Every structure is written in structure tokens, then in C-alpha cells.
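Quick notes on the structure that follows.
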Amino acid sequence: MPSHHPLSHTPVMEAEVVAMLDPARGGRFVDCTVGTGGHARALLTAGADRVLGIDRDAEVLPQAGAALAPWADRVELVHADYRQVDVVLDGRQITTVDGMLADLGVSSVQLEASARGFSFNRDEPLAMRMDRSAGATAAELLREASERTIADRIFEYGEERHARRIARAIVETRGHEPVASTG
543 MPSHHPLSHT PVMEAEVVAM LDPARGGRFV DCTVGTGGHA RALLTAGADR
593 VLGIDRDAEV LPQAGAALAP WADRVELVHA DYRQVDVVLD GRQITTVDGM
643 LADLGVSSVQ LEASARGFSF NRDEPLAMRM DRSAGATAAE LLREASERTI
693 ADRIFEYGEE RHARRIARAI VETRGHEPVA STG
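For the sequence shown, this note's numbering begins at 543 and goes up steadily by one.
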């Protein structure tokens, strides 16, 4: 299967998602984090009429397209942030859907793809961006942000109860060397 990314991601709770959304009755579904297409493929296999797949990581969309090629006439893939699903739907004059899902978080594709800056398995630039074309890298944020901002981000996105202690250590470290890589 040709794809932009040779890596793949095994969707979590695939059977539960299919059971909950019940695509056997047909209908239109939105996968707000389509990734490499695992959940969308499961929905289509189970009977969904149409799937709109959205992902903020443009690099996985070609792989999703390859995985969903047997249903190409029933699938549309869009590069967008899941938080803008309303804009994506409005732009297509879609006013109702039969089900929607969002598998939030980092996927194995982002963790394993070299130069994405998510993994501690190898030393690479600290990027940590789902969409490489948008926003500051993690290294830029850690270089510029206040200790409080860093702690708030760690707590909000990582649900880490020691966020303040970690932020303090980052600020102390960046005082004598840049925090710029995953190693």
C-alpha cells in the first residue's frame, strides 16, 4: 500500500466505536482525527454510507487516502483541526451527521516518525506539533514562555500533577543550556 508515511496506527477501541456509532444502518459519519484511517475504515466496512475524515496532521492524510481507497467515492479527507469541525461541515453544507468521533492524543505515527519531535526514543529537534505548518515548536515555547505558562501547558495537556516542579526544572536548565531536543 503506497503512502506518505510507512508507519501505521492501530486505532483504540475500534469494536466499541463501531458498536456505539452503529454504521450498519448507513449514514454519514465524521472522523475528526482520521489519522491513517483505521476508525474510518472500520465504519465503512460496517456499512457507513459516507465518511468525512479530518486531521490536523497533513502528513497522514495520504496514508488515510490509501487505506480508504476501496471507498474513495464515499470518503472525503480534509486537512483541518478537529476544533474547526463546524467550519468544515458548514463549508460543505452538511447540517446533520449520524455520528462523530475524535480519537484525541498522539498516535504511534507521530511518536515513531523521525523528526516529529514527539518521542524520547531518539535525539531529534523538540518540535511536538501535529501540524508542522502551524504554531511554535515545543523548543521555541520552552525558550520563550514563562515558568507559569510552561507549568499550565504541562498540566493542561499532560495532566501532570508535578507540572510546576517540571516547569521550574525546565526554566533552570534553559538558563545555562537550550532545551531544544528530545534527547
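From the three backbone atoms N, C-alpha and C, an ideal C-beta is built for every residue, glycine too. Given the structure is predicted, the values throughout are model-derived calculations rather than measurements.
Under the three-state reduction of DSSP, which class applies to Glu719: helix, strand or coil? Start at 1 with the first residue of the sequence shown, and residue 719 comes out as number 177. In the structure shown, Glu719 sits in coil (DSSP, three-state: anything other than H, G, I, E or B).
Three or more beta-carbon pairs under 8 Å between the stretch 615-634 and the stretch 556-566, yes or no? With the cut-off at 8 Å, the stretch 615-634 and the stretch 556-566 do not touch.
If you draw a straight line from the C-alpha of Ala566 to the C-alpha of Arg592, how long is it? The residue given as residue 566 occupies position 24 in the sequence shown. The residue given as residue 592 occupies position 50 in the sequence shown. When rounded, the distance between both Cα atoms is 12 Å.
Pair every Cβ in the stretch 635-644 with every Cβ in the stretch 610-618, then say whether three or more of these pairs are closer than 8 Å. no
First and last residue of the alpha helix (DSSP H) that includes Gly580? If you number the sequence shown from 1, residue 580 lands on position 38. That run of the alpha helix (DSSP H) goes Gly580 to Thr587.
Is the number of C-beta pairs between the stretch 676-691 and the stretch 577-594 that are closer than 8 Å three or more? Because the criterion of three Cβ pairs below 8 Å is not met, the stretch 676-691 and the stretch 577-594 do not touch.
Under DSSP, the alpha helix (DSSP H) around Leu668 begins and ends at which residues? For this step, residue 668 is matched to residue 126 along the sequence shown. Careful: Leu668 lies outside any alpha helix (DSSP H) and carries neither H nor E.
Kindly indicate which residue of Gly577, Ala722 and Cys574 has the alpha-carbon position closest to the one of Leu668. Stepping through the sequence shown from its first residue, residue 668 is reached at position 126. Here the closest residue by C-alpha is Ala722.
Between which residues of its own chain and Thr726 is the CB-CB distance below 7 Å, once the five residues before and five after are set aside? No information on residue 726 is available, as it lies outside the stretch 543 to 725 that the chain covers here.
Distance between beta carbons of Val572 and Val596, contact taken as under 8 Å: Numbered from its first residue, the sequence shown carries residue 596 at position 54. Numbered from its first residue, the sequence shown carries residue 572 at position 30. Val is not the amino acid found at residue 596; the sequence shown has Ile there. Yes, Ile596 and Val572 are in contact; Cβ-Cβ is about 7 Å, under 8 Å.
Using the C-alpha atoms, what's the distance from Leu684 back to Ile712? To locate residue 712, count along the sequence shown from 1; it is residue 170. To locate residue 684, count along the sequence shown from 1; it is residue 142. If I take the Cα positions, the gap works out to 8 Å.
First and last residue of the uninterrupted alpha helix (DSSP H) at Asp694: Here residue 694 refers to the residue found at position 152 when the sequence shown is read from its first residue. Unbroken alpha helix (DSSP H) run through Asp694: Glu689 to Gly700.
Mapping the DSSP letters down to three states, classify Pro544 as helix, strand or coil. Locating residue 544 in the sequence shown gives position 2, where the first residue counts as 1. In this prediction, Pro544 has a pLDDT of 33, which is less than 50 and means its spatial position is unreliable; what the coordinates show is noted afterwards. Three-state DSSP puts Pro544 in coil, outside helix and strand.
Which same chain residues end up closer than 7 Å to Asp564 when comparing Cβ atoms and leaving out the 5 residues on each side of it in sequence? Position 22 of the sequence shown holds residue 564. Within the same chain, Asp564 has no close Cβ partners at all.
Chain-order list of residues whose beta-carbon lies under 7 Å from that of Arg583 (same chain, five-residue window excluded): Numbered from 1 along the sequence shown, position 41 holds the residue referred to as residue 583. So the qualifying residues of the chain are Ala609 and Leu610.
Find the nearest neighbour of Asp599 within the set Gly580, Thr575 and His581, judged by alpha-carbon distance. Walking along the sequence shown from the start, residue 599 turns up at place 57. Selected option, being the one with the closest Cα: Thr575.
Is it right to say Met670 is buried, meaning 16 or more other beta carbons lie within 10 angstroms of its own, or is it exposed? Residue 670 sits at position 128 when you count from the first residue of the sequence shown. Around the CB of Met670, 16 or more other CB atoms lie within 10 Å, so the residue is classed as buried.
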